[in-house]
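Residues in the sequence shown are numbered from 11 upward in steps of one, following my numbering.
A virtual CB, placed ideally from N, CA and C, is assigned to each residue, including glycine.
In this text the structure is predicted, and so the values were computed from the model without any measurement.
Reading through the structure tokens given below for one structure.
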Amino acid sequence: MKKTITLWTLVIFAAGLVAFYASSHAVPAKSPETSMDQSIRDLKVRVAGLEIQIASLQKQIKSLEGKYPRVLTIPDPSYFPPERIPPGAKQHEVGGIKYWTIPIGPNQ
Numbered sequence: 011m012k013k014t015i016t017l018w019t020l021v022i023f024a025a026g027l028v029a030f031y032a033s034s035h036a037v038p039a040k041s042p043e044t045s046m047d048q049s050i051r052d053l054k055v056r057v058a059g060l061e062i063q064i065a066s067l068q069k070q071i072k073s074l075e076g077k078y079p080r081v082l083t084i085p086d087p088s089y090f091p092p093e094r095i096p097p098g099a100k101q102h103e104v105g106g107i108k109y110w111t112i113p114i115g116p117n118q
């Protein structure tokens, strides 16, 4: 009888310790208002970073505008008379624009 009482006392004591240990390590739940405020702050930081990135890309665009032509010009077809085309070149046409593929090695 004494062994049973001692055993039950130890079991209840151990269960109390486990319950106390689990409750002492529980993370308090965040209130929805706190998480919303944090989300808004995170979004503001992200937007600020994106604005800096956009400003940097706009500077790059402005620096490139004067360097490269915007419109490709097609040379006059009379510039390519048949005697100026290398031997073995093959003429192709896409959308009304003619171009030639020219072999690099000897003509086969």
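Measuring straight from C-alpha to C-alpha, what distance separates residue i and residue j?
i, j, result
"leucine 27", "isoleucine 64", "57 angstroms"
"lysine 72", "alanine 58", "21 angstroms"
"glutamate 103", "glutamine 68", "37 angstroms"
"arginine 56", "serine 49", "10 angstroms"
Please report the Cβ distance between residue i and residue j, rounded to the nearest whole angstrom; I am assuming they are in contact, meaning their Cβ atoms lie under 8 angstroms.
i, j, result
"alanine 99", "isoleucine 107", "Alanine 99 to isoleucine 107, Cβ: 16 angstroms. No contact."
Is any heavy atom in the ligand FAD found nearer than 8 angstroms to the beta carbon of residue i?
i, result
"lysine 69", "The ligand FAD is not among the ligands present in this structure, which contains no ligands whatsoever."
Residue i bridges to which residues according to DSSP?
i, result
"threonine 111", "Lys100"
Judging by CA-CA distance, which residue of the options is the nearest neighbour of residue i?
i, options, result
"proline 96", "Ile22, Gly115 and Glu103", "Gly115"
Grab me the residues of residue i's own chain with a C-beta within less than 6 angstroms of its C-beta, minus the 5 sequence neighbours each way, in chain order.
i, result
"arginine 7", "Shown here, the chain extends from 11 to 118; a query on residue 7 therefore has no answer."
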